[in-house]
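Here's the structure we're looking at; comments come further down.
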Amino acid sequence: DGEVYKYYSEGEWKKSSSGKSVAIINPTTRKTQYRVQACNQEEVNKVMEIAKSAQKLWAKTPLWKRAELLHKAAAILKEHKAPIAECLVKEIAKPAKDAVTEVVRSGDLVSYCAEEGVRILGEGKFLVSDSFPGNERTKYCLTSKIPLGVILAIPPFNYPVNLAVSKIAPALIAGNSIVLKPPTQGAVSALHMVHCFHLAGFPKGLISCVTGKGSEIGDFLTMHPGVDCISFTGGDTGIAISKKAGMIPLQMELGGKDACIVLEDADLDLVAANIIKGGFSYSGQRCTAVKVVLVMESVADSLVEKVKARVAKLTVGAPEDDSDITPVVTESSANFIEGLVMDAKEKGATFCQEYKREGNLIWPLLLDNVRPDMRIAWEEPFGPVLPVIRINSIEEGIHHCNASNFGLQGCVFTKDINKAILISDAMETGTVQINSAPARGPDHFPFQGIKDSGIGSQGVTNSINMMTKVKTTVINLP
Ligand code: G3H
Numbered sequence: 012d013g014e015v016y017k018y019y020s021e022g023e024w025k026k027s028s029s030g031k032s033v034a035i036i037n038p039t040t041r042k043t044q045y046r047v048q049a050c051n052q053e054e055v056n057k058v059m060e061i062a063k064s065a066q067k068l069w070a071k072t073p074l075w076k077r078a079e080l081l082h083k084a085a086a087i088l089k090e091h092k093a094p095i096a097e098c099l100v101k102e103i104a105k106p107a108k109d110a111v112t113e114v115v116r117s118g119d120l121v122s123y124c125a126e127e128g129v130r131i132l133g134e135g136k137f138l139v140s141d142s143f144p145g146n147e148r149t150k151y152c153l154t155s156k157i158p159l160g161v162i163l164a165i166p167p168f169n170y171p172v173n174l175a176v177s178k179i180a181p182a183l184i185a186g187n188s189i190v191l192k193p194p195t196q197g198a199v200s201a202l203h204m205v206h207c208f209h210l211a212g213f214p215k216g217l218i219s220c221v222t223g224k225g226s227e228i229g230d231f232l233t234m235h236p237g238v239d240c241i242s243f244t245g246g247d248t249g250i251a252i253s254k255k256a257g258m259i260p261l262q263m264e265l266g267g268k269d270a271c272i273v274l275e276d277a278d279l280d281l282v283a284a285n286i287i288k289g290g291f292s293y294s295g296q297r298c299t300a301v302k303v304v305l306v307m308e309s310v311a312d313s314l315v316e317k318v319k320a321r322v323a324k325l326t327v328g329a330p331e332d333d334s335d336i337t338p339v340v341t342e343s344s345a346n347f348i349e350g351l352v353m354d355a356k357e358k359g360a361t362f363c364q365e366y367k368r369e370g371n372l373i374w375p376l377l378l379d380n381v382r383p384d385m386r387i388a389w390e391e392p393f394g395p396v397l398p399v400i401r402i403n404s405i406e407e408g409i410h411h412c413n414a415s416n417f418g419l420q421g422c423v424f425t426k427d428i429n430k431a432i433l434i435s436d437a438m439e440t441g442t443v444q445i446n447s448a449p450a451r452g453p454d455h456f457p458f459q460g461i462k463d464s465g466i467g468s469q470g471v472t473n474s475i476n477m478m479t480k481v482k483t484t485v486i487n488l489p
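Residue numbers (the UniProt record's numbering): 12 to 489.
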């Protein structure tokens, strides 16, 4: 009917037989911006069935041809950066320039996957038996990497395009098929991205994209017997998925409470710049955002002053105007953030700015003198609100970092590389950045969380490897 975006199945754009749709609310206007199909379980069964048969043929398609198609999709994606970025602005209120960056980065990621896949999947191993005690040189073992089958990709709202292709491209180059379930906020951007893969000419059924309500198709998808691997990025839902999923490989990237440890000898201007970038870009709605600053008391006043001066310069407003701070994704998210702020207020945190909110738009806020009894010391706001905890020793900082149920990334600022390395070793997180804010990229770097922050490791190479399994053939000589 032209008003509801169609879903993608069997290489075609289709209306759901449910006759229902899901509304996507623009975070800025708080009005319905788009509608997508509310797919039902029958439609999920269909995409699973065709994903399985399409995968069998795809796995037999030469690796160089798979790479060629991915390069084509990457180029088309980049050509379509403007309309896709516009959707990101409207659906998730991503600042205009960041929205374009997300699409370009996605194109680069797809190309890199194609190149890396050709390199690593083009090689196998050859083993001989006589290295193991008791064996003669009578067995030759050949190994290669084969695809897993059907990969279920579930990206989050904050990177609906980039965190979709970071699952799709490794899956496809390795010979898998893809069933994509985009987040509701971000679904239309994801459908546009899928259209680029459609234009590139991938075989029918190899890529499907089903939209709809989690309550109707969420568990049905993640528990579906046709799924051979789940790659999920998001929040607590991931923990629930990991408990319900079958005996299949899981790749999960969940939340984080990335700490920024600041020592006395740190370059405080560099720290302040990184706290602004790390804590407030995309209004703090990144799993890798700086979510707590742990600063040595002796330099805390000076650092807080420097950060305050920079916060004052952040522009606040609409994503179309490329404002630094834009409305957070939903009203319930804004309410949650406000709850953390009010809790900190009651318990005596120092407000470096006045708390201000209009609709989903929350002005950037630095909270000083936060103590461990405040919720914001531990919970992730996923918004432009950053707590500062003053510490008296490095041990205190490490202790706070490691007491978190999360363990995604962290960062440490100091000019003493020996101390930095020791602190990095002591921090129980998947990555520690020395003298820079946490970040996932460059996208070929390994990216992983420990504890509640995830399962497995991502990054181009690790994702390709994770979406394959080893197959061996043993030649037995007389
Ligand atoms: O939100 C989670 C993303 O994986 C973070 O990616 O560090 O590039 O913003 P980013």
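Just so you know, even glycine gets a beta-carbon here, dropped at the ideal spot from N, CA and C.
With 16 or more other CB atoms across the displayed protein chains lying within 10 angstroms of its CB, residue 283 is buried. The Cβ atoms of residue 398 and residue 375 lie no closer than 8 Å to each other. From the listed residues 194, 163, 118 and 334, the smallest Cα separation to residue 63 is found for 163.
Per DSSP, residue 69 is one residue of the alpha helix (DSSP H) stretching across 52-71. Nearest C-alpha to residue 265 among 443, 65, 464 and 489: 464. The count of Cβ pairs closer than 8 Å, one atom from the stretch 369-384 and one from the stretch 312-328, reaches three, so the stretches are in contact. With a cut-off of 7 Å, the C-beta of residue 298 is classified as near the ligand G3H, since at least one heavy atom of the ligand falls inside that distance. When DSSP reads this structure, residue 271 sits in a beta bridge with 304 and 422. Beta-carbon to beta-carbon, residue 80 and residue 212 are separated by about 7 Å, close enough to satisfy the 8 Å threshold.
The residues 325 and 326, in chain order, have a CB closer than 6 Å to that of residue 335 in the same chain once the five nearest residues on each side in sequence are set aside. Secondary structure at residue 476: helix, using DSSP grouped into helix, strand and coil. Under DSSP, residue 24 takes part in a beta bridge, and its partners are 19. Taking the Cβ atoms as the reference, residue 274 lies roughly 7 Å from residue 430, within the contact range of under 8 Å. Assigned with DSSP and collapsed to three states, residue 448 falls in coil, not helix or strand. Our two residues, residue 190 and residue 125, have alpha carbons roughly 19 Å apart in a direct line. Around the beta carbon of residue 384, a 10 Å sphere encloses fewer than 16 other beta carbons of the protein chains shown; the residue is thus reported as exposed. Following the DSSP letters along the chain, one finds residue 258 in no beta strand (DSSP E), marked with neither H nor E.
Looking at the DSSP output, residue 487 sits in a beta bridge with 150. DSSP places residue 220 within a strand segment (E or B) once states are collapsed to three. Between residue 159 and residue 135, the C-beta gap is not smaller than 8 Å, which leaves the two residues out of contact. By the Cβ rule, the stretch 470-477 counts as touching the stretch 113-129, because three or more pairs are nearer than 8 Å.
A distance of 8 Å or more separates the beta carbons of residue 56 and residue 227.
Per DSSP, reduced to three states, the secondary structure at residue 397 is strand.
Judged by DSSP secondary structure, residue 123 falls outside any beta strand (DSSP E) and instead within the alpha helix (DSSP H) spanning 107-132.
Within the model, the alpha-carbon separation for residue 234 versus residue 78 is close to 30 Å. Annotated three-state conformation of residue 321 is helix, per DSSP. Where residue 233 is concerned, the enclosing alpha helix (DSSP H) starts and stops at 230-233. Following the DSSP letters along the chain, one finds residue 77 inside the alpha helix (DSSP H) bounded by residues 74-90. For the pair residue 148 and residue 140, the Cα-to-Cα distance works out to about 5 Å. Where residue 210 is concerned, the enclosing alpha helix (DSSP H) starts and stops at 198-211. Taken from the Cβ of residue 451, at least one heavy atom of the ligand G3H lies inside 7 Å. The count of Cβ pairs closer than 8 Å, one atom from the stretch 88-106 and one from the stretch 253-265, stays below three, leaving the stretches out of contact. Residues of the same chain with a CB within less than 7 Å of the CB of residue 25, apart from the 5 flanking positions on each side, are 17 and 18 in chain order. For residue 158, the pairing in a beta bridge is given by DSSP as 479. Less than 8 Å divides the Cβ of residue 105 from the Cβ of residue 113. The DSSP-derived three-state label of residue 47 is strand.
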